[in-house]
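In what follows, a structure is listed as structure tokens, so that the remarks can point back to it.
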Amino acid sequence: MPGPDILAATEQILSAFTPERPNLIPILQAVQGKLGYLPRSAMQAIAGYLRIAPVDVYGVVTFYNQFRLNPPGKHSVKVCLGTACHMKGGYIALDAWQRRLGISPRQTTPDREFDLDTVACVGCCTMAPVTVVDGKPEARVDPTRVDGILLSFGREPPAKDQK
Amino acid sequence: MKTVTLTIDGKVIKARAGEKLLWAALENGIYIPNLCAIREREEPDASCRLCWVEVEGQSDPVPACAIGVQEGMAVSTKGEKALALARAAFELLMASHALDCAHCQANGRCELQKIAKVLKCSLKPKRLRLLLRDLPVDDSSPLFSYDPNKCVLCGRCVWECRKHREKAIMGFAHRGFERRLTTFADEPIGADRCLDCSECVKVCPTGALTLK
Ligand code: FES
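Top to bottom, those sequences are chains A and B.
Take 1 as the starting number for the first sequence in the numbering used here and just add one per residue.
Take 164 as the starting number for the second sequence in the numbering used here and just add one per residue.
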């Protein structure tokens, strides 16, 4: 979405709120609901409207998992790092996703195909370690399973895996 | 102005009614370790957990920055229970601190060195494994450097910067272990928005913010 549209959409949402600090989170939710993420220009416009420092908006956005700084990908990958998944190697799964997609949590692949995120418990601990792919929980996700899931989206694993 | 009389480590002191214990002690030359306390702040943050003291008649230690003085109060800054808590908090801080006193500009005036001495513990954590953050040093400001690896997240600089209101550039962002002092979108501090007042450097208790 080009710049002016972002600002127009943000301003339209802002006009529905009074410029008070407690409205920050509802505004962020509304803007993200509309744009899919929180572009930098939108965060700046929000800060200006509420007369607070942009860094304070950024602090809130980076604190809550629900807010995104990047546009969502076509497919969403959410790795559970809740207690059970943590114990069962959730970090190994996360590592595999990061390596395969070449991005860190809260980022989107440059081709906008996948976004990667972590979550704290999705409520199906018996399936640990869990990765939720496009809303569907995948059980016992190890690096091989990561490749399997990606294959089902037409992504071949690299022919020769270094190490 | 109403004053109250209390004793700290056996020394009788007078303090303004409503004053927090920490400030009453410091004003009377009794040092209690502290990092996050800011006097102008109405509600103490009480987040560094270093200022533990023991108050007679109370079974558990209390954070001095958050407790008001009271007439007849008997306070000890040397109780073992309080010191144990403060040491634990200090060790946690030091477990992710890029310790390099010999090459650090803050050497000699660093609050962490002072606190280690008062708590009689080493700057290097004994019970904890080091977990360093390895973040890049920000040298973009013409006036000062910011080394996030030496930051203890006390918030003193943020408080100073915030006095510029909407023009403030420093704040905390990210969460958990990733939490750090930063700017909007993690941009270099020296990018044109900084007003170069350097007030942040003056209040930094460690070598995280240093003048060039
Ligand atoms: S000074 Fe009391 S908790 Fe930090």
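C-beta atoms are modelled at their ideal positions from N, C-alpha and C, and glycine is treated no differently.
Quantities reported herein were computed from a predicted structural model and do not represent experimental measurements.
CB of residue i within 8 Å of CB of residue j, strictly
i: Ile92/A; j: Asp147/A; result: no
i: Cys228/B; j: Leu185/B; result: yes
i: Pro224/B; j: Arg212/B; result: no
i: Phe17/A; j: Gly73/A; result: no
i: Met333/B; j: Leu344/B; result: yes
i: Ile52/A; j: Ile27/A; result: no
i: Ala120/A; j: Leu81/A; result: yes
i: Leu169/B; j: Ala180/B; result: no
i: Leu24/A; j: Val60/A; result: yes
i: Gln44/A; j: Asn70/A; result: no
i: Pro157/A; j: Leu150/A; result: yes
i: Arg319/B; j: Val281/B; result: no
i: Pro105/A; j: Asp117/A; result: yes
i: Cys124/A; j: Pro137/A; result: yes
i: Glu323/B; j: Glu362/B; result: yes
i: Thr369/B; j: Lys313/B; result: yes
Beta-carbon proximity list for residue i, same chain, < 7 Å, skipping 5 on both sides
i: Met1/A; result: For Met1/A, the predicted model reports a pLDDT of 49, less than 50, meaning its position is unreliable; a value from the coordinates is still stated below. Result list for Met1/A: Leu35, in chain order.
i: Asp134/A; result: His75 and Ser76
i: Gln327/B; result: Residue identity differs from the one stated: residue 327/B is His in this sequence, not Gln. Excluding positions up to five away in sequence, the list reads Leu358.
i: Leu262/B; result: Leu286 and Lys287
i: Leu256/B; result: Val315
i: Met236/B; result: Leu169 and Val218
i: Ala354/B; result: Ser303
Assigned exposure category for residue i - 16 Cβ within 10 Å defines buried
i: Ala200/B; result: buried
i: Lys241/B; result: exposed
i: Pro39/A; result: buried
i: Gln32/A; result: buried
i: Ser41/A; result: exposed
i: Val79/A; result: buried
i: Gly271/B; result: exposed
i: Ala336/B; result: buried
i: Ala371/B; result: buried
i: Asn197/B; result: buried
i: Val175/B; result: exposed
i: Ala187/B; result: buried
i: Phe347/B; result: buried
i: His266/B; result: exposed
i: Arg292/B; result: exposed
i: Phe253/B; result: buried
i: Asp5/A; result: exposed
i: Ala139/A; result: exposed
i: Val321/B; result: buried
i: Pro19/A; result: exposed
i: Tyr58/A; result: buried
i: Ala331/B; result: buried
i: Thr144/A; result: exposed
i: Ala8/A; result: exposed
i: Gly192/B; result: exposed
i: Thr62/A; result: buried
i: Thr131/A; result: buried
i: Arg250/B; result: buried
Own chain, CB closer than 6 Å to residue i, minus 5 neighbours either side, in chain order
i: Val238/B; result: Ile171, Val216 and Val218
i: Lys163/A; result: Residue placement at Lys163/A is poorly supported in this model, since its pLDDT is 47, which falls under 50; the coordinates still yield a value, given next. Nothing listed; no residue qualifies.
i: Ile248/B; result: Here residue 248/B turns out to be Leu, not Ile, going by the sequence shown. Counting only Cβ-Cβ distances below 6 Å, and skipping sequence neighbours, we find Trp215 and Pro224.
i: Glu206/B; result: none
i: Leu374/B; result: Phe307 and Val364
i: Ile13/A; result: Ala30 and Val31
i: Tyr49/A; result: Leu14 and Pro19
i: Lys207/A; result: The question about residue 207/A has no answer, for chain A in this structure spans 1 to 163.
i: Tyr309/B; result: Asp301, Ile352 and Leu372
i: Val232/B; result: Val167, Leu169, Ala178, Glu182, Leu184 and Ala187
i: Gly102/A; result: none
Sequence-distant residues of the same chain with beta carbon closer than 8 Å to residue i, five excluded per side
i: Ala258/B; result: Pro288, Leu291, Arg292, Leu293 and Leu294
i: Pro305/B; result: Gly353, Asp359 and Lys375
Check: residue i C-beta below 7 Å from any heavy atom of ligand 2
i: Glu138/A; result: No copy of ligand 2 appears in this structure; the ligands present are ligand 1.
Taking 7 Å as the limit, name every residue whose beta carbon sits nearer than that to some heavy atom of ligand 1, in sequence order.
Leu185/B, Asn197/B, Leu198/B, Cys199/B, Ala200/B, Pro207/B, Asp208/B, Ala209/B, Ser210/B, Cys211/B, Arg212/B, Leu213/B, Cys214/B, Pro226/B, Ala227/B, Cys228/B and Ala229/B
Beta carbons nearer than 9 Å to chain B: which residues of the stretch 52–64 of chain A have them?
Ile52, Ala53, Pro54, Val55, Asp56, Val57, Tyr58, Gly59, Val60, Val61, Thr62, Phe63 and Tyr64
At a CB distance below 8 Å, what residues from the stretch 16–44 of chain A approach chain B? Give them in sequence order.
Arg40, Met43 and Gln44
What are the residues of the stretch 294–316 of chain B that lie near chain A, defined by any Cβ-Cβ distance shorter than 9 Å?
none
What residues from the stretch 345–370 of chain B come within 9 Å of chain A, judged by C-beta to C-beta, listed N to C?
Thr345, Thr346, Phe347, Ala348, Asp349 and Arg356
Taking a cut of 9 Å between CB atoms, which residues from the stretch 216–247 of chain B lie near chain A?
none
Tell me which residues of the stretch 323–338 of chain B have at least one Cβ-Cβ distance to chain A shorter than 9 Å, keeping chain order.
Cys324, Arg325, His327, Arg328, Glu329, Lys330, Ala331, Ile332, Met333, Gly334, Phe335, Ala336, His337 and Arg338
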